[in-house]
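Take 2 as the starting number for the sequence shown in the numbering used here and just add one per residue.
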Amino acid sequence: MDISDFREMYLKELQEARSVERQLVDALPRMHDAASDDGLKQALKKHLDETRSHLDQVERLLGEHDANPREHQDQSMRSLVAESEKWAGMLNDGALRDAGLIASAQRIEHYEIAVYGTLACWAKQLGLDEDLEALLAILEQEKAADDALSEFAKRDVNPKAQ
Ligand SMILES: [Fe+2]
Numbered sequence: 002m003d004i005s006d007f008r009e010m011y012l013k014e015l016q017e018a019r020s021v022e023r024q025l026v027d028a029l030p031r032m033h034d035a036a037s038d039d040g041l042k043q044a045l046k047k048h049l050d051e052t053r054s055h056l057d058q059v060e061r062l063l064g065e066h067d068a069n070p071r072e073h074q075d076q077s078m079r080s081l082v083a084e085s086e087k088w089a090g091m092l093n094d095g096a097l098r099d100a101g102l103i104a105s106a107q108r109i110e111h112y113e114i115a116v117y118g119t120l121a122c123w124a125k126q127l128g129l130d131e132d133l134e135a136l137l138a139i140l141e142q143e144k145a146a147d148d149a150l151s152e153f154a155k156r157d158v159n160p161k162a163q
């Protein structure tokens, strides 16, 4: 399918973001179940709630633009999730697996930060103020989730991995 203008390109990217969130809503409960540390379980649960809200917000924006929310499957996210599950399956020790889960979760967060950073920049150029506000709020939550995982890894999880 050819894309011929910037607004259409923006909507395709927004459809990709919707697919990213949809896949993460499915993946986070499995990451939660694979985690050993209670604090890590809580952090993953909190991000699941945020991710559900991101999915709702992106679907709402797509609806306002009359764009089909189910048109795309983001293949990069599919690979990130598949790698994370393969990796967690190789780590039998709970502390090692927790450190590995955080590494995978942060890789996913960084991908989301890239996706929303681009979307916010494009929404701004297109003069889509309502989209911009929602996208910046999501971007801040993704960054905060990433920062929390970094702190948590350094303080609690990684020192237990031997
Ligand atoms: Fe998200």
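In this text, a Cβ means the ideal position worked out from N, Cα and C, and glycines have one as well.
Compare the Cα-Cα distances from residue 115 to each of 98, 97 and 137 and report the closest residue. The shortest C-alpha separation from residue 115 is found at 137.
Rounded to a whole number of angstroms, what is the C-alpha to C-alpha distance between residue 12 and residue 63? Each residue's alpha carbon lies about 7 angstroms from the other.
Residue 32 vs residue 102 beta-carbon contact at 7 angstroms: Result yes, Cβ atoms of residue 32 and residue 102 sit closer than 7 angstroms.
heavy atom of ligand 1 below 6 angstroms from residue 66 C-beta: Because no heavy atom of ligand 1 lies under 6 angstroms away, the Cβ of residue 66 does not count as near it: no.
Any idea what DSSP makes of residue 72, helix, strand or coil? DSSP, read as helix, strand or coil, puts residue 72 in coil.
Does the beta-carbon of residue 19 have 16 or more other beta-carbons within 10 angstroms, so that it is buried, or is it exposed? That one is buried.
So which of 162, 133 and 99 has the shortest CA-CA distance to residue 44? Comparing Cα-Cα distances from residue 44 to each of 162, 133 and 99, the minimum goes to 99.
Compute the beta-carbon to beta-carbon distance between residue 117 and residue 81, rounded to the nearest angstrom, for a pair I have assumed lies under 8 angstroms. Between residue 117 and residue 81 the beta-carbon gap is near 15 angstroms, outside 8 angstroms, which marks them as no contact.
As assigned by DSSP and simplified to three states, the class of residue 139: Here residue 139 carries a helix assignment [DSSP, helix/strand/coil].
Any heavy atom of ligand 1 inside 6 angstroms of the beta-carbon of residue 52? With a cut-off of 6 angstroms, the C-beta of residue 52 is classified as near ligand 1, since at least one heavy atom of the ligand falls inside that distance.
Return helix, strand or coil for residue 90, following the three-state DSSP convention. Three-state result, residue 90: helix.
Measuring only the C-alpha atoms, how far is residue 95 from residue 159? Rounded to the nearest angstrom, the two C-alpha atoms are 11 angstroms apart.
For residue 59 and residue 22, which I take to be in contact (beta-carbon distance under 8 angstroms), what is that distance rounded to the nearest angstrom? Taking 8 angstroms as the upper bound for CB-CB distance, residue 59 and residue 22 are in contact here, some 6 angstroms apart.
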